[in-house]
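Numbering (the UniProt record's numbering), first residue to last: 1 to 977.
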């Protein structure tokens with residue numbers, strides 16, 4: 001709903017109009033045949049309305065006044081397009097292009113021309129919301145398809161015509177438009193979400209060197225994106241986002257129909273079903289595209305009433321609610337509470353659940369879906385009316401925000417002039433009256449959003465709240481100290497005076513003294529509930545000591561206090577975890593956003609498997625604009641913090657044994673590295689283009705990240721850093737194919753630097769990982785990134801024995817499969833070479849002795865002195881004799897000594913499975929191999945416990961006495977000293 005424009009311009013905008021009139025008159029100085037005063041009275045009035053609202057329109061008019069006057073004279077500003085009219089105009093400018101640079105330039109200039117027309121008609125009330133969205137979507141469809149139709153024959157001329165193996169017919173690309181483009185709902189500054197596909201595999205024909213269809217369409221897709229996406233002096237056509245494709249940024253750019261169908265059948269996530277509801281063929285082969293959509297329909301719409309989707313939708317809804325609570329969302333009319341996304345969720349939830357059985361729901365445009373929901377009785381007419389009116393108001397507001405400067409934003413502005421502009425474009429006299437209406441609609445939408453797929457247990461949960469009224473007088477200091485201490489002591493506090501001192505200090509803290517009234521009321525409601533639950537623990541003193549710093553940290557963001565007050569289960573889980581681990585308590589206090597993770601007990605104590613981890617992270621990043629690096633970095637860090645917490649919680653609760661804890665932490669690192677590599681690759685390629693291999697083919701990415709140490713051996717612990725090595729297979733002498741070309745060696749060095757920056761930069765949510773690159777060839781003095789050939793030469797000719805020991809635990813974490821396979825071959829060749837065993841024993845023993853001298857416990861000569869087993873003496877679990885490193889060195893020695901004759905040893909990089917191989921090969925007595933495995937796991941469990949208690953890996957020397965002696969015995973029997 002949008003009011004008519006006020007008859008008179010607001011006083012705040014009148015100087016703006018006068019200024020913009022003068023700007024246009026100045027621009028017209030070079031056009032003697034054009035005069036602002038020659039316009040009709042209606043067009044003059046419209047110009048003033050638009051000049052008051054849009055800097056973008058004025059900028060285009062100043063840049064090319066003739067274009068504005070031509071649009072006005074032709075009547076294009078005064079009437080809607082007939083079907084096909086806009087497509088014909090795009091076709092004309094595309095076909096006029098003689099080369100790709102000209103195609104890009106023509107499309108950008110025509111886009112600016114059409115954008116000027118669309119914004120003009122929107123502001124002046126000549127176009128309704130559906131017309132504006134349709135024109136923008138038609139503009140995108142035509143731009144994509146006409147660019148494709150121009151590029152395809154020229155691509156075929158260069159690389160041959162792609163022919164299908166099965167059909168024997170020429171193949172075309174199918175471009176699926178997702179999201180608002182698919183639903184014909186583009187806004188004034190939308191990006192376009194696309195998925196590329198082709199019907200079937202095969203090869204190109206008609207050229208000397210054929211390409212397979214996958215490669216042909218990948219290169220064509222890259223050219224198509226290049227025609228539309230990059231910003232030039234003429235602007236851009238549309239920002240292209242390809243992250244909704246299978247596997248996101250890490251996935252292939254183009255997939256065959258069969259590969260797409262297989263992916264969605266085997267690995268498709270519920271959020272991908274949700275996204276696919278709006279998919280539409282926007283360019284390329286429409287006939288084949290219709291066949292593709294028919295193939296994917298069973299994935300999107302189940303044939304039965306799909307109540308299985310309800311839990312998935314609840315999870316999506318919870319993710320939306322978590323995002324809404326985050327900083328900066330209050331003024332976001334799309335993503336904030338009561339925003340556009342919540343209306344879309346309501347409609348698509350019904351489509352996902354009922355759409356398989358009720359074919360009338362299988363449509364894309366949201367307003368039509370709402371009409372169907374009313375007509376079919378899914379929602380009452382009054383609800384649909386509120387959702388429709390509120391949605392239209394939000395979309396008009398979105399267009400007003402974006403009309404100002406053609407910027408992709410849904411944030412309400414702070415600037416008074418821009419606020420006056422938005423109020424004016426929506427038909428209000430001032431910002432306050434507009435904002436009051438906006439708040440009304442957002443409140444109604446948010447209320448309806450909360451009713452959708454509501455959890456039936458929610459009402460019961462409210463009844464479970466522990467009021468804790470008996471603690472209110474103590475917190476509010478309505479009783480004397482003696483009575484308060486007595487109440488604390490009777491409730492189970494062992495040091496009641498200290499507990500009371502902590503509570504008093506919290507009350508007197510500067511943070512609480514400066515709280516606003518509503519925040520203080522929330523705190524007063526929360527503390528009694530906290531005390532009521534704390535006394536249920538065996539050690540309430542410890543609970544209070546660890547949780548009160550968190551309370552002080554979140555007091556200013558009192559929404560977190562409400563979260564814990566209204567969710568007693570979440571509060572209970574918080575106290576349990578903090579009581580068990582000061583590390584968790586500290587993480588919670590430093591990063592209060594982790595409190596969201598406490599809401600879902602099932603998720604908290606059941607971390608996902610590796611594919612689910614990767615898919616969840618891809619989904620989170622997909623919802624972030626591709627050029628918003630800051631938000632991407634925050635999302636990566638929040639993801640890591642949340643899953644670290646879930647693993648720690650599962651370990652503490654006994655749900656996860658040691659080996660699984662390390663597995664999950666390693667999978668988490670791999671999922672993050674995969675997305676970090678994709679981000680760094682995209683940014684570096686955008687600047688310099690893609691590097692090339694020696695055969696001239698483009699690297700995509702031709703790069704791997706190799707993990708050493710704990711991450712290589714799948715043995716990550718809480719707070720572990722990452723030992724990484726970067727390797728590529730680009731031609732160091734060839735230049736990249738971008739606007740600012742550099743040689744491949746420079747490109748990969750910058751890619752490596754970018755990866756390290758993304759991993760190690762400190763943000764509000766900390767850093768992702770400490771990264772140690774010292775295991776690369778030549779250590780800290782070597783190149784940051786090595787070519788595969790250089791890495792092999794170094795390992796064969798220059799590496800020390802200790803570097804080969806490290807290579808035993810090295811494996812490829814993420815990156816190019818082709819390079820990964822080649823790396824594995826190099827690793828096997830280097831480690832499997834025959835060795836002089838006497839020399840090897842000496843070198844391994846000497847290195848171990850150096851480590852013990854430098855890193856072991858001085859009081860016990862690193863566990864070798866006579867007092868090494870006495871109670872009260874320290875034992876370093878990792879570094880002292882008989883500890884973790886002794887076992888690791890024995891395993892590495894065995895791999896180097898015997899893998900020449902027993903290559904199966906090299907299949908693994910973790911100590912447990914290497915020991916199993918040694919046992920099976922008869923290279924180590926079964927009893928010794930079993931003992932080493934069990935002792936190794938026991939040591940690592942102890943290390944994990946120490947880490948969760950924020951303590952160093954040092955315990956009393958009276959522990960593990962027999963185990964350490966047995967480890968030393970086996971060490972000696974291997975001939976090590």
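Cβ atoms here follow ideal geometry from the backbone N, Cα and C, with glycine treated the same way. No experiment lies behind these values; they were computed from the predicted model shown.
Rounded separation between residue i and residue j - CA only
i	j	result
residue 252	residue 260	11 Å
residue 506	residue 524	12 Å
residue 714	residue 663	6 Å
residue 560	residue 128	41 Å
residue 796	residue 807	12 Å
residue 604	residue 343	29 Å
residue 207	residue 99	21 Å
residue 533	residue 721	36 Å
residue 362	residue 317	21 Å
residue 155	residue 237	21 Å
residue 950	residue 941	14 Å
residue 869	residue 635	47 Å
residue 332	residue 431	16 Å
residue 890	residue 974	8 Å
residue 462	residue 565	With a pLDDT of only 37 at residue 462, under 50, the local geometry of the prediction cannot be trusted, and the value read off the model is given with reservation. Residue 462 and residue 565: Cα-Cα distance of roughly 10 Å.
residue 910	residue 723	15 Å
residue 936	residue 877	10 Å
residue 195	residue 82	29 Å
Enclosing alpha helix (DSSP H) for residue i [first to last residue]
i	result
residue 549	540-554
residue 399	381-405
residue 125	Taken as a continuous stretch (DSSP letters only), residue 125 belongs to no alpha helix (DSSP H), as it is neither H nor E.
residue 50	41-53
residue 289	286-300
residue 978	The first residue shown for the chain is 1 and the last is 977, placing residue 978 beyond what the model contains.
residue 630	629-653
residue 498	496-508
residue 372	366-375
residue 844	837-855
Rounded distance between the beta-carbons of residue j and residue i, thought under 8 Å
i	j	result
residue 548	residue 502	6 Å
residue 142	residue 174	Actually they are not in contact, since the Cβ atoms of residue 142 and residue 174 sit about 17 Å apart, beyond 8 Å.
residue 87	residue 138	7 Å
residue 546	residue 579	7 Å
residue 65	residue 27	5 Å
residue 602	residue 555	No, residue 602 and residue 555 are not in contact; Cβ-Cβ is about 29 Å, not under 8 Å.
Cross-strand partners of residue i (DSSP beta bridge)
i	result
residue 723	708 and 772
residue 254	196
residue 170	163
residue 779	Bridge partners of residue 779: none, in fact.
residue 718	Paired residue(s): none; residue 718 is not in a bridge.
residue 757	Beta-bridge pairing links residue 757 to no other residue.
residue 692	698
Min CB distance residue i to chain C below 9 Å
i	result
residue 592	Given the protein chain composition of this structure (a single chain), no chain C is represented.
Enclosing beta strand (DSSP E) for residue i [first to last residue]
i	result
residue 876	874-876
residue 786	785-787
residue 443	Taken as a continuous stretch (DSSP letters only), residue 443 belongs to no beta strand (DSSP E), being part of the alpha helix (DSSP H) at 431-451.
residue 813	811-815
residue 954	954-956
residue 221	From DSSP, residue 221 is part of no beta strand (DSSP E) but of the alpha helix (DSSP H) over 213-228.
residue 203	202-205
Any non-hydrogen atom of the ligand FAD closer than 8 Å to residue i Cβ
i	result
residue 822	With respect to small molecules bound, the structure shown includes none, and the ligand FAD cannot be examined in it.
Any chance the stretch 822-842 sits against the stretch 872-884, with 3 or more Cβ pairs inside 8 Å? no
Validate contact between the stretch 667-678 and the stretch 635-643 using beta carbons, cut 8 Å, 3 pairs: yes
Using 8 Å as the threshold, is the stretch 158-167 in touch with the stretch 201-213, meaning 3 or more CB pairs across them? Cβ pair count under 8 Å is three or more, so yes.
Below 8 Å, can you find three or more Cβ-Cβ pairs linking the stretch 102-109 to the stretch 31-38? No contact exists between the stretch 102-109 and the stretch 31-38.
Cβ pair count under 8 Å reaching 3, the stretch 692-699 against the stretch 719-733: yes
Could you tell me whether the stretch 145-155 touches the stretch 242-257, where touching means 3 or more Cβ pairs closer than 8 Å? no
Under 8 Å: do the stretch 625-634 and the stretch 802-818 share three or more Cβ pairs, one atom per stretch? no
Segment contact flag, the stretch 183-191 with the stretch 359-376, C-beta cutoff 8 Å, min 3 pairs: A contact exists between the stretch 183-191 and the stretch 359-376.
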